[in-house]
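> Sharing a structure, written as structure tokens. Questions coming.
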Amino acid sequence: WGHGFWGYGGAFMWLIFLNVYIGMIKPLIESGKGAHSFFEALTTIALMHFLRTQTDFAILEVGRGGRLDATNAANPLMSVITRIGYDHTNLLGTRLSQIAREKAGIIRKDGRLITIHQRPAVEKTIRAIVRKKGSSIIYADDQHDLDVVNQSLIGSSLIVAGTIGEFETFLPLAGAHQI
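Here the sequence shown stands for residues 381 to 559, numbered as in my numbering.
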């Protein structure tokens, strides 16, 4: 299942491979020893596919994020934490420091974290966990400036300037909270 995976009939082939992966994990799920949620099952399938195709590099986005997330099964080169707000409060906690502690569960011992400067309670929590795990932290907003050129219901036009140069880009997600 090599590099031509998305070539001729790629979408059809993906359905075949998806069914193969489902067939492999279904007995574990039915016995109660496998994935416990749809996201865990999809993450398992993705990791199986990456292993099978000898993927060199993958970017995984957490589900609800953090300590108990299915993506913690992977061993990342680095972790990224975006702006932390009041999301998934029924699972992660009702205070920002609680949510930050859960989301910081993706930080590995001696790992690297890329994040942005956060609200004080969040930043304090993240820094403490980074220090405890002997990890390093890079603040992306210290490396780059963002200038919002235009915002609309379909997304935001941005100019990014910093250590990687200057370029214009479009972020197809509506809302200032996405930037």
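In this text, a Cβ means the ideal position worked out from N, Cα and C, and glycines have one as well. Quick caveat, the model's predicted, so the values are computed rather than measured.
1. Give me, in chain order, the residues of the same chain whose beta-carbon lies closer than 6 Å to that of Gly382; leave out the 5 immediate sequence neighbours on both sides.
2. At which residues does the beta strand (DSSP E) containing Asn470 begin and terminate?
3. What separation, rounded to the nearest whole angstrom, lies between the Cα atoms of Ala421 and Arg432?
4. Roughly how many whole angstroms lie between the Cα atoms of Phe547 and Ile517?
5. How long is the line joining the alpha carbons of Leu457 and Asp527, rounded to whole angstroms?
6. Using alpha carbons as the reference points, say which of Glu503, Gly514 and Ala501 lies closest to Arg492.
7. How many angstroms separate the CA atom of Leu440 from the CA atom of Thr451?
8. What is the residue span of the alpha helix (DSSP H) that Thr435 lies within?
9. Closest to Ala454 by CA distance: which of Thr495, Phe437, Arg463 and Asn470 is it?
10. Measure how close the beta-carbons of Thr505 and Arg481 come, nearest whole angstrom, since I'm counting them as under 8 Å.
11. Per DSSP, Gly347 forms a beta bridge with which residues?
Quick look at the numbers:
1. Because Gly382 carries a pLDDT of 44, less than 50, the predicted location of this residue cannot be relied on, and the following value inherits that uncertainty. Once the five neighbours on either side are set aside, Gly382 has no close Cβ partner at all.
2. Premise fails: Asn470 lies in the alpha helix (DSSP H), Thr469 to Leu472, not in any beta strand (DSSP E).
3. Each residue's Cα considered, the two are about 16 Å apart.
4. Taking the straight line from one Cα to the other gives about 25 Å.
5. Spanning the two alpha carbons is a distance of roughly 29 Å.
6. The shortest Cα separation from Arg492 among Glu503, Gly514 and Ala501 belongs to Gly514.
7. Leu440 and Thr451 have their C-alpha atoms spaced approximately 7 Å apart.
8. Looking at the DSSP string, Thr435 is not in any alpha helix (DSSP H), and its letter there is neither H nor E.
9. Measuring from the Cα of Ala454, the nearest candidate turns out to be Phe437.
10. Contact flag correct, Cβ pair sits at about 5 Å.
11. This structure cannot speak to residue 347, because the chain is shown only from 381 to 559.
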